[in-house]
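Remember, the numbering used here sits 27 above the position in the sequence shown when you count from 1. Single-structure report; data block below.
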Amino acid sequence: VQPASAKWYDRRDYVFIEFCVEDSKDVNVNFEKSKLTFRCLGGSDNFKHLNGIDLFHCVDPNDSKRERTDRSILRCLQKGESDMSNFDRFSEMMNNMGGDEDVDLPEVDGADDDSQDSDDEKMPDLE
């Protein structure tokens, strides 16, 4: 089992995914809420292909379109309504990176603002 070579194109309302498999047979595409699983047999030796793709947006599998040629399988996926935008997810992640504000951090030697560090010293003359 080997993943099929794939290309994808992300647009505002759609995601296009093209699986590049010659002479595909037994094509199976399974949709979950935000995941797509692709399986097929391909080539003259009927090699098994399996791809699992996590999607950034939920998709509507009922509005999905497909096109199959001798060399590829193209899926056009309509994006569904997302409960949280990418900006909201990013903001939430950044807010969580600060840790708990109630936790006391350990003291670090020389970390106070009044102490002098090596950046404050005069640079030696270079020859």
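Glycine is no exception: its CB is placed at the ideal position from the N, C-alpha and C atoms. Bear in mind the structure is a predicted one, so any value in this text is a computation, not a measurement.
Taking C-beta separations shorter than 6 Å and ignoring five residues to either side along the sequence, the partners of Pro30 in its chain run Asn78, following chain order. Cβ-Cβ distances below 6 Å link Phe58 to Pro88 in the same chain, with the five nearest sequence neighbours on each side left out; the list follows chain order. For the beta strand (DSSP E) assignment, the uninterrupted runs of no fewer than 3 residues enclosed by the segment 45-72 are, from N- to C-terminal side, 52-58 and 62-69. For the set Ile80, Asp40, Ser51 and Pro151, the Cα lying nearest the Cα of Phe74 is the one of Ser51.
Ser91 carries a strand assignment under DSSP once its states are collapsed to helix, strand and coil. Going by DSSP, Ser99 is part of no beta strand (DSSP E) at all; its letter is neither H nor E.
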